[in-house]
Amino acid sequence: MIKLPNPNIGKVSLLVAILTWLALLFVDITRIFSSINQMESDVLPEISFILEIIFFITVYLFYNYQISKSENNDFLNLIWRGASTGLIASGVSLLISFFYTLLGDSKLASDQLLLNFFYHVNFALITLFLISCSLLWKHLILYQKSKNIVKQWQLFEILMLISMFFIFFNKNSLDYSFLFGLVIITIFSISLSFNLKWIPYLTFKEKWKSILFLVIIIIAASYLFGQLLSYSESSLILINLTDNLFLIGLFSFVFIYSIFSFLVTLFNLPTSSVFEQKLVEAINFQRLSQSIKPGQNENQVLDILIDSSMSAAYADAGWLEMLDDEGKSIFIHERFIDKEEVSKLHQHINGLKPFSNFDWEKPYNENKVFQGKIDFAPYKSALVVPLTTNQTTVGRLYLVKEVKDAFNKEMINIISTFVGQACISVENYRLLNEAIKNERYKEELKIAQRVQRSLLPDTLHHDQSFDIAAFSVAADEVGGDYYETYPLEERKFAVIIGDVSGKGTSAAFNMSQMKGIFHSLVQLKPSPSEFIKKANVALGLCLEKNHFITTSFYIIDTIHKNITYSRAGHCPTLYFKNSNQECDYLSIDGMGLGILRSALFEQYVHEKSFKYEKDDVMLLFTDGIIEAKNDDGIEFGYERLKNTLKKNAGLSPKQIQEKIIEEVYSFIGQTTAMDDDYSLVVIKFN
Amino acid sequence: MLDIKNIKEANYSTLQLEGEVDASNSVELDGAIQSVLDEGIDRILVDARQLDYISSAGLGVFMSYLEEFQEKNIKLVIYGLQEKVYQVFVILGLDKLMAIKSSEEEAIEELK
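Chains as they are written, first to last, in full-length UniProt numbering: chain V, 1 to 686; chain S, 1 to 112.
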């Protein structure tokens, strides 16, 4: 298969257009020669007409391609292209005329060949100008196009295409059919010329420029049209290419649209500032509504707010009054006024009605606006808009002007909208910050939780004489329950369980103190009562006066199968005796650590010891288990715990612990939240 | 929920506790005791007949005043504790340090 190179429409059409023009010229010259030599001319005028049509279409294609390819298609640039083409065409045409004036009455001036050549040059330039202009107008007309406009334009193009062929019927005579065609095209042009939606989008300066360019186009079109008329009167032109309905119709279209654009642009000049203002307001609104980006702060929003409001109201001065953290007023973002004057003016304004009606505490300041006369030279009127976030008033926007009653309804509306949007942005910013802060606190608590979990032992010391299992869960992120074991001697173990008063973070801190004290004191290998006494002294120095710690301390001697213990206000340990299959709480008096911080405490410390037997079970726990409540407000209680242990005493310590926790959870039910920490230590003797 | 009523008598004040004292409202109990003390009253009865529960934080409030009461010779007597609540005081050993009576008459007697 032969692969055709992808033809470049622009280049191809340009080439064809040039060739066609040369052909036109050649045909004409042939015709001149035959007429000079009085030869029978066999070149029909239709050949010229056909070439002319081909020329029109190729020029159209060329410009169409050029404009659609061009990236810089703003309105002003488009109009400038039309104007520049017009300038070139007129300039060349002027040069030709000038050339003829120079020739005067010389023989060359009436030379048919030269005249025809220049005629062809003029024809080509006029065609280029008109077609390029029409295509530029097409772009302008189809700006913000609707289906109807597109259809209308397509119909116009078809009409113009037909008008190209009109020449075959009419032979260049100015008859009624020609006039009829021209009128139809003119009417169509007028109806298309109402599509001027691009004009409002020009800025004030651009409008002036476009007026200038349009004037150039109008002058160029008028001059070229005059030039064209003078040719049609000349007898030396053999085939008139320019008295063509297509060209005349295009003239009419280009001219009418230019005039319309010129007039509408001119009359739009005074209102263009309003349109520009609205556009700026829309952009400001968008800037305000964009949520504040990271690294920015609410100050930036307030900065945009004051600038937008100032420009919307054409205010002469303005500032913001914001409440700081202590509820004191501070002035920020003063515009065209200094701080000293602001505070004077501020006092003046707030002494006057209606401004004095404002109350920071009122909950319905949102959407309220205060405006009125003031008398503080040079300012004569003021507008005050409260800024509210979350129904509390956080500040006020002040605008003043040097004219009386200078704030109209539209200004107030737009400023209220600005203020509302700014407040939303500020509120969002504050909420976001709070969320970030909360997130950080949560992170910190998670770290605290990890640290605290690590304070509870992973492994519990024991030997082959007993097995041990433990469990702890906190109601909050961190808790105040504590248990630990320590090998005092080869077959002697210390076991402790403790519960810090209160809960949460403070309890967790005190629990870590308790751990420290335990680890220090066990090094001295104290008896249980010695441990309790020394721990009370130590804790008395560091606990807050309304805090205390309850604890039970056990020493298990596996050589003598002996347990010695002391209790310091902690809930009594449950003991299962395998020999009689009975469960009982180990009763012993004792007072919580830190309750009595003097030597008097020692009289309340007691110590007991007893022998354990095989398969006995000792259950150490914290009061969270006993006080766990179900939906009806009933506590799990000592009795239920006793029965649970009794039922499960045959199991391993781990299983016993699981059974008890299971029982507690099923008792309180799924819906009830834990409100205290639960801890268990289960010891079973072998 | 905790409801505290302060009832003034000729030579003493009664704090009537109703509901539960836990970590979240122990501050209220502390405030009530403090305000009675601020009035210069040195004989306080605590009517705990309607007290259903007291947590360690609540016990901490009573505990924190023990020393001050002893120094300034202020008497605080609790009466009418429900058995379950009383056990909490006993387990902690607070019954040894505080005057706890079963009836109002005994409590008033204790104040003298």
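Glycine included, C-beta positions come from ideal geometry on N, C-alpha and C. Keep in mind the model is a prediction, meaning the values are calculated, not measured.
CB of residue i within 9 angstroms of CB of residue j, strictly
i      : j      : result
S/A48  : S/L81  : yes
V/S309 : V/L399 : yes
V/I187 : V/G249 : no
V/Q449 : V/V478 : yes
S/K75  : S/L51  : no
V/S193 : V/F129 : no
V/D676 : V/T622 : yes
V/F471 : V/L680 : yes
V/L460 : V/K515 : no
V/I556 : V/Y612 : yes
V/F418 : V/N284 : yes
V/Y314 : V/M411 : yes
V/Y231 : V/Y100 : no
V/S425 : V/E627 : no
V/M618 : V/F685 : yes
S/E44  : S/Y79  : Rather than Glu, the amino acid found at residue 44 of chain S in this sequence is Ile. For S/I44 and S/Y79, no; Cβs fall outside 9 angstroms.
6 angstroms Cβ shell around residue i - same chain, five flanking residues per side excluded
i      : result
S/S57  : A small correction: the amino acid at residue 57 of chain S is Ala; Ser does not occupy that position in the sequence shown. Excluding sequence neighbours, S/A57 sits near A23, S26.
V/H462 : I468
V/W360 : T393
S/V21  : L2, L29, I54, G58
V/Q452 : V478, A508
V/A494 : Y486, L488, V522, I555
V/L241 : E52, F123
V/F262 : L214
V/C133 : G82, V254
V/R396 : E321, V384, P386
Same chain only: Cβ atoms within 8 angstroms of residue i, ignoring 5 sequence neighbours per side
i      : result
V/D303 : H333
S/F69  : K75, L76
V/H139 : I67, N73, L78
V/T564 : S527, P528, Y554, I555, D557, E607, K608, S609
V/Y379 : D316, A317, L345, V400, K401, E402
V/G181 : S163, F166, L245, G249
Neighbour flag for residue i against chain V, beta carbons, 9 angstroms
i     : result
S/L81 : no
S/I91 : yes
S/Y86 : no
S/L97 : yes
S/L94 : yes
S/A23 : yes
S/Y12 : no
S/D52 : yes
S/D3  : no
S/D38 : no
beta-carbon residue i near the ligand ADP non-hydrogen atom, thresh 8 angstroms
i      : result
V/F336 : Annotation note on the ligand ADP: not contained in the displayed structure, which lists no ligands.
Cut-off 7 angstroms between Cβ atoms - residues of its own chain near residue i, not counting five sequence neighbours on either side
i      : result
V/Q135 : Residue 135 of chain V is actually Leu in this sequence, not Gln. Counting only Cβ-Cβ distances below 7 angstroms, and skipping sequence neighbours, we find Y63, N64, I67.
V/W198 : F75, L140, Y143
Min CB distance residue i to chain S below 9 angstroms
i      : result
V/V495 : no
V/P363 : no
V/D325 : no
V/M322 : no
V/E627 : yes
V/G351 : no
V/E402 : no
V/D632 : no
V/E635 : yes
Can you find at least 3 beta carbon pairs, one from the region 211-225 of chain V and one from the region 26-40 of chain V, that sit closer than 8 angstroms? no
Interface positions of the region 536-550 of chain V facing chain S (Cβ-Cβ less than 7 angstroms), listed along the chain: K545, N546, H547, F548, T550
Counting Cβ pairs closer than 8 angstroms, one from the region 589-601 of chain V and one from the region 526-543 of chain V, do we hit at least three? yes
Pull out every residue of the region 503-535 of chain V whose Cβ sits closer than 8 angstroms to any Cβ of chain S, in chain order. K503, G504
Would you call the region 496-504 of chain V and the region 432-444 of chain V touching, i.e. three or more CB-CB distances under 8 angstroms? no
For the region 259-276 of chain V against the region 198-209 of chain V, do three or more pairs of beta-carbon atoms, one drawn from each stretch, fall closer than 8 angstroms, so that the two count as touching? yes
Taking a cut of 7 angstroms between CB atoms, which residues from the region 596-612 of chain V lie near chain S? L596, Y604
Any C-beta of chain V within less than 8 angstroms: which residues of the region 56-74 of chain S qualify? S56, A57, L59, G60, V61, M63, S64, L66, E67
Given 8 angstroms, three or more beta-carbon pairs between the region 599-606 of chain V and the region 544-561 of chain V: no
Select from the region 552-571 of chain V all residues with a C-beta closer than 7 angstroms to any C-beta belonging to chain S, and list them in chain order. G569, C571
Evaluate the contact criterion for the region 17-24 of chain V versus the region 84-94 of chain V: three or more CB pairs, one atom per stretch, below 8 angstroms. no
Return the residues of the region 470-502 of chain V that lie within a Cβ-Cβ distance of less than 9 angstroms from chain S, sorted by chain order. G480, D499, V500, S501, G502
Residues within the region 573-593 of chain V neighbouring chain S, beta-carbon criterion of under 9 angstroms: D589, G590, M591, G592
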